[in-house]
Amino acid sequence: MTTNTAVLEARDLSRTVDQPGGPKSLLRNISFRLDQGQVLAVLGPSGAGKSTLLRLLNRLDEPTSGTVLLQGADTRDMDPRTLRRRVGMVMQQAYLFPGAAAANVRYGPAQHGIVLEDSQVADLIRQVGMAGYEDHDVSTLSGGEAQRISIARALANQPEVLLLDEPTSALDDLSKQDIEHLLASLVRERNMTCVWVTHDVAQARRVADLVLRLEAGQSIAFGTSQELLHA
Ligand SMILES: Nc1ncnc2c1ncn2[C@@H]1O[C@H](COP(=O)(O)OP(=O)(O)O)[C@@H](O)[C@H]1O
Ligand SMILES: [Mg+2]
Numbered sequence: 039m040t041t042n043t044a045v046l047e048a049r050d051l052s053r054t055v056d057q058p059g060g061p062k063s064l065l066r067n068i069s070f071r072l073d074q075g076q077v078l079a080v081l082g083p084s085g086a087g088k089s090t091l092l093r094l095l096n097r098l099d100e101p102t103s104g105t106v107l108l109q110g111a112d113t114r115d116m117d118p119r120t121l122r123r124r125v126g127m128v129m130q131q132a133y134l135f136p137g138a139a140a141a142n143v144r145y146g147p148a149q150h151g152i153v154l155e156d157s158q159v160a161d162l163i164r165q166v167g168m169a170g171y172e173d174h175d176v177s178t179l180s181g182g183e184a185q186r187i188s189i190a191r192a193l194a195n196q197p198e199v200l201l202l203d204e205p206t207s208a209l210d211d212l213s214k215q216d217i218e219h220l221l222a223s224l225v226r227e228r229n230m231t232c233v234w235v236t237h238d239v240a241q242a243r244r245v246a247d248l249v250l251r252l253e254a255g256q257s258i259a260f261g262t263s264q265e266l267l268h269a
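Quick note on numbering: this note's numbering labels position 106 of the sequence shown as 144, and the sequence is numbered without any gaps.
Encoded structure:
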C-alpha cells in the first residue's frame, strides 16, 4: 500500500508572541499526524499551551513557524471560515448565542448558505440526547445540557476533524461523565478524527488512541495511549 494522506498533520508548529519584556514562546516544534478516526489526547497542566495548539489547528491563531495540513493541503491556503467548518471546535464553556437551541444548531450551516430542514435540526438535537428541545431557550439549560447543544452545533457542520478544548472540565461530576461518554460515542460512531485537550489522565486513557504531553509549550512525550498511559 502507498502511504496514505493524514487527515490532520501538524509539522513543527511554533508560536511566539511579542511581549513588553521580550518575545515569549508559547509553543515549540509540535508535530503529529492523525489518520481517519484517530483520537489524539493533548495532556498537560494549565498554561502548557494546549489551547494555543488547538487554536493553531483551525487558524484562530497563526503559527510563527510550521505548517498545518488538512487532508494533505496547507491550511494557510484555505479561507479561515471554510477551514473552521471542516475543523469544528467545542470549548470548555458552551459556545451559544441567546435564543432557541434550534437557532444555534442552524447557525453554522447558514453561514455557508445551507438551510437545515426542521427534521435535520431535530435529528442533531436528538443525537446529543436532547430530543424535543428545539424550541427551548438556551439560557434555561443546565451546563451539561448547554454543552450538548454546542456539540450539536459543531456536528451540524459535518466537520472532518473535531477539536475539543477541555469539553468536560467546567461541568459537575455527573455531567462530566455524561458528556465524555456522549463525545466518545459520537466520535467512534462517526469515525471522526479528533484532538481532545484534557488535563485528566484517566479521561485521556478512556478516550484516546494517541497522546501528546505538553509542558511549557514543548512536547515531552508523544505515543500511543497504550504506551504512555497503560504501562
Ligand atoms: N495571546 C497571548 N499572548 C501572550 N501570552 C499568551 C497568549 N495566549 C496564551 N498565552 C500564554 O501562553 C501560555 C499557554 O496558554 P494556553 O495555551 O491557554 O495553555 P493551556 O490551554 O494549556 O492552559 C500561558 O502562559 C498563557 O498565559
Ligand atoms: Mg486551555
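Note that the Cβ used here is the ideal one computed from N, Cα and C, for glycine as well.
| request: Assign F135 to one of two classes, buried (16 or more other C-beta atoms within 10 Å of its C-beta) or exposed (fewer than that). | output: Counting the other CB atoms within 10 Å of its CB gives F135 a total below 16, which places it among the exposed residues.
| D203 beta carbon near ligand 2 (any heavy atom closer than 8 Å) | Correct: D203 has its Cβ closer than 8 Å to ligand 2.
| query | Measuring from the CB of K214, is there a heavy atom of ligand 1 at a distance below 8 Å? | reply | No; taking the cut-off as 8 Å, the Cβ of K214 has no heavy atom of ligand 1 nearer than that.
| task | Determine the contact status of L81 and N67, defining contact as a CB-CB distance below 9 Å. | result | In terms of Cβ geometry, L81 and N67 do not form a close pair [threshold 9 Å].
| Contacts around A222, its chain only, beta-carbon distance under 6 Å, and the 5 residues preceding and following it disregarded | The residues are V245.
| message | Suppose contacts are defined by Cβ-Cβ distances below 9 Å. Is R114 in contact with R97 by that definition? | response | Cβ distance < 9 Å, so R114 and R97 count as in contact.
| field | Segment contact flag, the stretch 154 to 169 with the stretch 230 to 243, C-beta cutoff 8 Å, min 3 pairs | value | Touching, no.
| Secondary structure at E270, three-state DSSP: helix, strand or coil? | With the chain covering only 39 through 269, there is no way to say anything about residue 270.
| request: May I ask you to report which of helix, strand or coil DSSP gives L64? | output: Three-state result, L64: strand.
| request: Provide the residue span of the beta strand (DSSP E) that contains D99, from first to last. | output: It is not in any beta strand (DSSP E) - D99 carries neither H nor E in the DSSP assignment.
| query | So what's E172 in DSSP terms, helix, strand or just coil? | reply | Correct three-state label for E172: coil.
| Between V225 and the rest of its own chain, which residues show a CB-CB distance below 7 Å, the 5 nearest in sequence each way excluded? | V77, L200, C232.
| Whether L250 touches A79 by CB criterion (9 Å) | Taking 9 Å as the Cβ cut-off, L250 and A79 qualify as a contacting pair.
| Quick one: any contact between the stretch 189 to 207 and the stretch 122 to 138, if contact means 3 or more CB pairs under 8 Å? | The answer is yes - the stretch 122 to 138 touches the stretch 189 to 207, with three or more Cβ pairs under 8 Å.
| message | Considering only heavy atoms of ligand 1, does any lie closer than 8 Å to the CB of A86? | response | Residue side-chain check: A86 places its Cβ nearer than 8 Å to a non-hydrogen atom of ligand 1.
| task | Give the DSSP bridge partners of L209, in chain order. | result | Residue pairing from DSSP leaves L209 without any beta-bridge partner.
| message | Our contact map puts G182 next to L209 with C-beta atoms below 8 Å; I'd like the distance itself, whole angstroms only. | response | Rounded, the Cβ-Cβ distance is 6 Å, consistent with contact.
| field | Under the three-state DSSP convention, the category R228 falls into | value | Note: R228 maps to coil in three-state DSSP.
| task | Could you tell me whether the Cβ atoms of D73 and A44 are closer together than 9 Å? | result | The criterion of a C-beta distance shorter than 9 Å is satisfied by D73 and A44.
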